[in-house]
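Here's the structure, in structure tokens; my notes come after.
Protein chains in written order, with our numbering: chain A, 1 to 101; chain B, 1 to 425.
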């Protein structure tokens, strides 16, 4: 998995690319480092470049959500497609996450 | 004491000797007594006291087994086999394949040096051998060998531990005999495939009978399939935790799948770190009512086969242990004599073939349909054989698959493996 971080004022967009699996834990730590933002800051995961997540990947979404809650950040995800969208639906994560259209 | 001072290793140019090498054995192959003595003195300065000698190549080969050296010092011009040939002979023997071999030679042409390395020499010393260089090179190769041996021992220990853990994981699931007995008592056939990956993982499944509630008639059969997120020892340990939690549940919980999952979710949420969870399916087969009552926590969708073919059951739901307080939903579907329930873990649906193409849920549904058509008598072995053909048998993830079939009713004729069907059925 690769990622890019784009800051725009009081919001940050993090685009995830490729396959997000067990072996991406270290990369994901760098993603979480981008959550060092003031309370109220908006962070959005753009998942449109993501081809696949496994259960470890879903776990990383949950870690991101938990980190954002602890820092009082406004966290959302958007753009999931195909297999990623299917797994989010199967795990009903859309009920627990803010999903932007 | 003072007498020894100038002979102690530390005194040579104030060299830092690093790790102690007193237990290392060096075998010197040199036909000159003078060279043997000189090299021995250098080795003593390097902290090496166990030194053995061979005057020629033949003697060296004879002494290898008894001395079991950690390093060889060979003269390239040794009679009757020269050092280069000797080196080739040694390297051809698997026992000495990674033994450090230092060659010393008075003829320091680039051609000879290249020849030595090609023959398998680890390093070269130019004659006359300088003490400082000799000590540094010998120590370097012995230390390197120690590290490689330590790493290898560590790796072997981890592999042994993983093998043992894999054995324990395999022992979590019902054994063949008790499973066959349970199935027979309940008019079912239950065929499992449960394979732990090389790295071990977090799959776990079990089946049990649930005592009838008072005035509730027959016993029921619970089928529980779970996959702990992640890989390796952590997810295997979490599988054991889940197994323990499940064994502590009461019949009242087990009769109600949504309640059971809610309970397990709560307990797992308390102990699992953020980001770890289990996807799960839990179903209760009720033969008296001809139904399957089930609840799920984000498991791969089960397939239910009946007269009209297979259809997909909805196994969506919040994973166990991820969100405290999560609620689960009971779903009920007819499960009549002759019907089939196919359950699996994502080790099956997420398997990738040689072209990196994933089987996927749709691919799996097609494969199950094909199995039922192509091999109506033994669909499950057919299915797993096709799977192995395409995806191989070396798994990156644990794999669980269950083919559960209700025996056909009276007069149905297709009685599985002679299983006893109670007359009341």
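Beta carbons are placed, not taken as given, at the ideal position from N, Cα and C, and that holds for glycine. Bear in mind that the values here come from a model prediction, so they are computed numbers and not experimental data.
In the three-state scheme derived from DSSP, where H, G and I count as helix and E and B as strand, residue 62 (chain A) is classed as helix. Under the DSSP assignment, residue 129 (chain B) falls outside any beta strand (DSSP E); it carries neither an H nor an E label. At least one C-beta of chain B is nearer than 8 Å to the C-beta of residue 92 (chain A). Around the beta carbon of residue 224 (chain B), 16 or more other beta carbons sit within 10 angstroms, so the residue counts as buried. If one requires a minimum length of 4 residues, the alpha helix (DSSP H) runs lying completely within the segment 354-392 of chain B are 360-374 and 379-391, in chain order. For residue 32 (chain A), not one C-beta of chain B is nearer than 8 Å to its own C-beta. For the segment 259-277 of chain B, the beta-carbon criterion of a distance under 7 Å to any beta-carbon of chain A is satisfied by 274, 275, 276 and 277.
For residue 22 (chain A), the chain B residues whose C-beta falls within less than 8 Å of its own C-beta are 230 and 231, listed in chain order. In the three-state scheme derived from DSSP, where H, G and I count as helix and E and B as strand, residue 73 (chain A) is classed as coil. Using a 10 angstroms sphere on the CB of residue 301 (chain B), the tally of other CB atoms reaches 16 or more, which defines it as buried. When DSSP states are grouped into helix, strand and coil, residue 200 (chain B) belongs to the coil group.
Runs of beta strand (DSSP E) with 3 or more residues, each lying fully within the segment 84-119 of chain B, are found at 101-105, listed in chain order. Between the alpha carbons of residue 293 (chain B) and residue 331 (chain B) lies a gap of roughly 6 Å. In this structure, residue 43 (chain A) sits near residue 12 (chain A), with a CB-CB distance shorter than 8 Å. Taking all protein chains shown into account, residue 271 (chain B) has fewer than 16 neighbouring C-beta atoms within 10 Å of its C-beta and is therefore exposed. When the beta-carbon positions are compared, residue 283 (chain B) and residue 257 (chain B) come within less than 8 Å of each other.
Judged by DSSP in its simplified three-state form, residue 23 (chain A) adopts helix. Within the segment 56-70 of chain A, 56, 58, 59, 60, 62, 63 and 66 place their CB atoms closer than 8 Å to a CB of chain B, listed in sequence order. Contact of residue 26 (chain A) with chain B by beta-carbon distance below 7 Å is absent, the smallest such distance being about 14 Å. For residue 346 (chain B), the nearest CB of chain A lies under 8 Å from its own CB, placing it at the interface with that chain. Shown here, residue 13 (chain B) sits in a helix according to DSSP, grouped into three states.
Counted as a single uninterrupted DSSP element, the stretch harbouring residue 19 (chain B) is not any alpha helix (DSSP H), since DSSP gives it neither H nor E. Here the segment 49-69 of chain A does not lie against the segment 261-270 of chain B, with fewer than 3 beta-carbon pairs under 8 Å apart.
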